[in-house]
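The sequence shown runs 1 to 134 under my numbering.
To start, the structure under review is shown below, and the notes come after it.
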Amino acid sequence: MTATYTYSDELISDLHKDALGYRPSSRFFEKWETYSSAEKQDEWDYLCDGLEESIAREKEEAALAVSEFNHRVLETIRYGAGDEETALRWMTQDETYMNHSQDAEGWVYNQGLLFTDRGREVVETLKKIWKMEY
């Protein structure tokens with residue numbers, strides 16, 4: 001019976017970065033080149049497990065960021081903003097924006113929620129309410 005391998009020499013660097021947060025060193029590649037197919041598969045599987053953990057952690061962090069952001073918006077509304085649009089205007093009033101799309105994404109990224117549905121919603125709202133300065 002022949003073993004089936006799913007690892008990829010071409011994608012190992014990308015998988016390593018996604019799983020561990022950094023590109024592998026030259027030493028890693030030196031070792032990788034000496035591995036048998038079975039050893040490469042073991043390393044690949046280890047990194048895939050790490051990737052799954054990384055994805056789960058990112059989802060938890062994003063959910064927490066959304067919750068904290070929503071809380072800040074609600075607090076701003078309670079302080080007198082009246083509605084979410086006004087709250088967002090108040091929360092961003094001290095900023096100067098040159099490119100409403102990129103700057104909105106940058107601001108939302110700094111809140112930790114760019115790659116969430118809530119983040120995409122806030123970007124669209126900010127693009128509508130900001131007065132652009134050129």
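Where a beta carbon is used, it is the ideal one built from N, C-alpha and C, also for glycine.
Quick caveat, the model's predicted, so the values are computed rather than measured.
On the three-state DSSP scale, how would you describe TYR5?
Residue mapping note: residue 5 aligns to position 5 of the sequence shown, counting from 1. It is coil, neither helix nor strand.
In whole angstroms, what separates the C-alpha of ILE55 from that of LEU15?
One-based indexing of the sequence shown puts residue 55 at position 55. One-based indexing of the sequence shown puts residue 15 at position 15. The straight-line gap from Cα to Cα measures roughly 12 Å.
Note down the Cα distance separating GLU124 from TRP130, rounded to an integer number of angstroms.
The sequence position of residue 124 within the sequence shown is 124, counting from 1. The sequence position of residue 130 within the sequence shown is 130, counting from 1. Rounded to the nearest angstrom, the two C-alpha atoms are 10 Å apart.
For the alpha helix (DSSP H) containing ASP45, list its first residue and its last residue.
Position 45 of the sequence shown holds residue 45. Counting along the chain, the alpha helix (DSSP H) containing ASP45 begins and ends at 37-76.
Do you know how far the Cα of SER37 is from the Cα of PHE69?
As a working mapping, residue 69 is identified with position 69 in the sequence shown. As a working mapping, residue 37 is identified with position 37 in the sequence shown. Cα to Cα, PHE69 sits roughly 47 Å from SER37.
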